[in-house]
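Notes for the one structure printed next.
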Amino acid sequence: MFIITLQSRDDGVYSVLAEDGEHIIPLFEEEDDADRYLTMLEYDEDYPPMKVTSIDEDVIIRACNDRDQRYSIITSDDFIIPPKPLP
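Residue numbers (the working numbering): 4 to 90.
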């Protein structure tokens, strides 16, 4: 499983703000998909420097559940585009 984190801190996990105001962490099954998403993020200069981080699926899902943090598993069949950052 792969997540996007701040370049300077692995615990600074990227999340997307949902319409209901909740943050959702995208969990990528494929590293190529995470890299592609990060490349799209990098086109927008409003985001801080980030990187793709490999993490054990059980560890990240357990951490999200323990913190009542929403997440979405992005499979190789999915294609998502980053939202514009908030002003």
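C-beta atoms are modelled at their ideal positions from N, C-alpha and C, and glycine is treated no differently.
Predicted, not measured: the structure shown is a model, and the values here were computed from it.
For the alpha helix (DSSP H) containing M53, list its first residue and its last residue. Element bounds for M53: not the alpha helix (DSSP H) but the beta strand (DSSP E), M53 to S57.
Check whether the Cβ atoms of P29 and S75 lie closer than 8 angstroms to each other. yes
Enclosing beta strand (DSSP E) for I7 [first to last residue]: Counting along the chain, the beta strand (DSSP E) containing I7 begins and ends at F5 to L9.
For a test of your reading of the model: does the CB of A66 fall under 7 angstroms from any non-hydrogen atom of the ligand GDP? Yes or no. The ligand content of the structure shown is nil, which means the ligand GDP is not present either.
Bridge partners for R73 per DSSP, in chain order? BP columns for R73 point to I27.
Between the CA atoms of E45 and V55 - distance to the nearest angstrom: 12 angstroms
If you draw a straight line from the alpha carbon of T42 to that of G24, how long is it in whole angstroms? 25 angstroms
Minimum C-alpha distance to Q72 - residue among Y17, D13 and I27: When Y17, D13 and I27 are compared, the shortest CA-CA separation from Q72 is found for I27.
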